[in-house]
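Only one structure is covered here, and it is reproduced in the block below.
Numbering (the numbering used here), first residue to last: 162 to 259.
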């Protein structure tokens, strides 16, 4: 995989990884128990220090496992190859139907 994988939802990330490299992260239920739940809990505002430690460790392990087939590029690297960003905001009045 290259580009920007969907990573805001770990089950979507699991699906993409499983498509590219079947069973690389194990069965879905095991992935959920091993990675998704601990990582999600660790990012909650009320997470304990132990939950944060476990979540960080599982996140690092997941990055290590997926680094074999996910190519990560930062914006800093890509800026050398992309034209400057140009944004244009247009306000369009709604029609009667809308």
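Ideal Cβ placement from N, Cα and C applies to all residues, glycine included.
Can you tell me where the alpha helix (DSSP H) with residue 261 in it begins and where it stops?
Outside the shown range of the chain, which is 162 to 259, sits residue 261, and nothing can be said about it.
Just tell me which of 232, 185, 199 has its CA closest to the CA of residue 211.
199
Alpha-carbon spacing of residue 196 relative to residue 256, whole angstroms
47 Å
Can you tell me the Cβ-Cβ gap for residue 186 and residue 226, rounded? I've got them flagged as a contact below 8 Å.
7 Å
Beta carbon of residue 193 nearer than 9 Å to that of residue 172
yes
State the DSSP-derived secondary structure class of residue 231, mapped to helix, strand or coil.
coil
For residue 201 versus residue 216, is the C-beta distance shorter than 9 Å?
yes
What residues in its chain sit with their C-beta under 8 Å from that of residue 295, if we drop five residues either side in the sequence?
Summary: the structure shown does not reach residue 295, with the chain confined to residues 162 through 259, and so no result is reported for it.
How is residue 260 classed by DSSP in three states: helix, strand or coil?
In the structure as shown, the chain begins at 162 and stops at 259. Residue 260 is therefore absent and cannot be evaluated.
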